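The next block holds one structure in the form of structure tokens; read it before the comments.
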Amino acid sequence: MPKRVRTAVFPVAGLGTRFLPATKAMPKEMLTVVDRPLIQYAVDEAREAGIEHLVFVTGRNKGVIEDHFDRQFELEHTLEMRGKTEALRELQKDLPSAGQTSFTRQQEPLGLGHAVWCARELVGNQPFALLLPDMVFRARPGVLKQMMDAYEEFGGNIIGVEEVDPKDVSSYGIVARGEGKDEGFRITGMVEKPKPSEAPSNLFISGRYILQPEIFSLLSEQTRGAGGEIQLTDAMQILIRTQEFWGVQYRGKVFDCGSKLGFLTANVVMALDRPDLAGPFIREMKAALASIDETP
Ligand code: UTP
350 MPKRVRTAVF
360 PVAGLGTRFL
370 PATKAMPKEM
380 LTVVDRPLIQ
390 YAVDEAREAG
400 IEHLVFVTGR
410 NKGVIEDHFD
420 RQFELEHTLE
430 MRGKTEALRE
440 LQKDLPSAGQ
450 TSFTRQQEPL
460 GLGHAVWCAR
470 ELVGNQPFAL
480 LLPDMVFRAR
490 PGVLKQMMDA
500 YEEFGGNIIG
510 VEEVDPKDVS
520 SYGIVARGEG
530 KDEGFRITGM
540 VEKPKPSEAP
550 SNLFISGRYI
560 LQPEIFSLLS
570 EQTRGAGGEI
580 QLTDAMQILI
590 RTQEFWGVQY
600 RGKVFDCGSK
610 LGFLTANVVM
620 ALDRPDLAGP
630 FIREMKAALA
640 SIDETP
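Just so we're aligned, residue 350 is where the sequence shown starts under the working numbering, counting upward by one.
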């Protein structure tokens, strides 16, 4: 039996430049899809997968994330006084238990690999899950839960992957697929942003990982990669020489909410998933689309 995964790391220290000016004073991870912040989707997914310890790697301007996962007595009191018990219950359900969260700082946004390395003391010498909160999934069960099932069977390092149009591979980290099935296949290599003609597959790394702690010593070398940033993929490319990596082509679909197009699409799709919203939303959209003049 592989060692149990109890801890999840959420890197939330990036600058979110693609969403300026929205992200000037507010963290990107607090942008909402329908009525839930991006970070809440990732935390829900981790808790569904049985994660007990939530580690946030934050930066400046990110204090509101810490507040979001704290109790808000004034608000709770007001909801109670007004008899809004359902809203109160929902708020309490979203909250991790006391002592389940830890926060550390990445003082400078030197890249995803560096953000992960900043969590090393809080994670310790155990396997951990890594969730990029700007990647929001429509999946049941959640993607991390599906990956945990694979981890129990295979152990090692697990990476969630999804198919992308082959002409778009150059925007992503792509894995080379070895033997196995969708629920777990051997990863024989990975390459960051390949040209379509050089991509080993069209399976891209979509922001969910289960990693062994040996990744930390590789990240501690602080080697700068693409864009001058300390890249996680570079460290994984070294780790794969000595440890097994398994891919899971999960059942579900990712929305890259770090990009405007993905974020807008996620809002529409998630709204259509909500029984309280779908009908009226479709009516409003139909009316709005019918009234749009092609020339603004
Ligand atoms: P992105 O690659 O989307 O970068 O990070 P970003 O800085 O947030 O956004 P853009 O590209 O400037 O618009 C993916 C995840 O990794 C975190 C981000 O907060 C995001 O959740 N991250 C990235 C860090 O925590 N630290 C970093 O140095 C870089």
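Think of the CB as a built atom: it goes at the ideal place given N, C-alpha and C, for glycine as much as any other residue.
Nothing here was measured: the structure is a model prediction, and the numbers come from that model.
When I564, D583 and G504 are compared against K542, the one with the closest alpha-carbon: For K542, the closest alpha carbon among the candidates I564, D583 and G504 is that of D583.
Cβ separation of R557 and L493, assumed to be a contact under 8 Å, to the nearest whole Å: Contact between R557 and L493 holds: CB atoms are separated by about 6 Å, below the 8 Å threshold.
For G574, the residue or residues it bridges with in DSSP: None, per the DSSP bridge assignment.
Residue from R623, L480 and G601 with nearest C-alpha to R396: R396 has its Cα closest to that of L480, out of R623, L480 and G601.
Nearest to P454 (by Cα), restricted to the options V618, I587 and G363: Position check: residue 454 holds Arg in this sequence, whereas Pro was assumed. The option with the nearest alpha carbon to R454 is G363.
8 Å Cβ cutoff met for V406 and L581: Cβ distance not < 8 Å, so V406 and L581 don't count as in contact.
Near ligand 1: P545 beta-carbon under 7 Å from a heavy atom: Ligand 1 has no heavy atom closer than 7 Å to the beta-carbon of P545.
Cβ pair Q598, E511 closer than 8 Å: Cβ distance < 8 Å, so Q598 and E511 count as in contact.
Distance cut 7 Å, beta-carbon to ligand 3 heavy atom: residue list by chain order: In the structure shown, ligand 3 is absent; the only ligands present are ligand 1.
Where G628 sits in the DSSP three-state scheme: In the three-state DSSP reduction, G628 falls in the helix class (H, G or I).
Short Cβ contact (8 Å threshold) for N616 with V383: Taking C-beta atoms as the reference points, N616 and V383 count as a pair closer than 8 Å.
8 Å contact criterion, which S451 and H402 should meet: CB distance rounded: So it is a contact: roughly 7 Å between Cβ atoms.
Distance, F565 Cα to P476 Cα: One C-alpha to the other measures close to 11 Å.
Distance between G462 and I414 (C-alpha atoms, nearest Å): Computed Cα separation, rounded: 21 Å.
Three-state secondary structure assigned by DSSP to Y599: Y599: coil per DSSP, three-state reduction.
Range covered by the beta strand (DSSP E) that runs through L403: Residues H402 to T407.
C-alpha distance - N551 paired with A637, whole-angstrom precision: Roughly 36 Å between the two C-alpha positions.
Pair within 8 Å by beta-carbon distance, L444 and N506: No. Outside cutoff.
Proximity below 8 Å, CB of W595 to CB of A499: For the pair W595 and A499, the CB atoms are nearer than the 8 Å cut-off.
Local Cβ density within 10 Å of P386, reported as buried at 16 or more and exposed below that: Of the residues assessed, P386 falls on the buried side of the cut-off, its CB having 16 or more other CB atoms within 10 angstroms.
Three-state class that DSSP yields for F418 in the structure shown: Here F418 sits in coil by DSSP.
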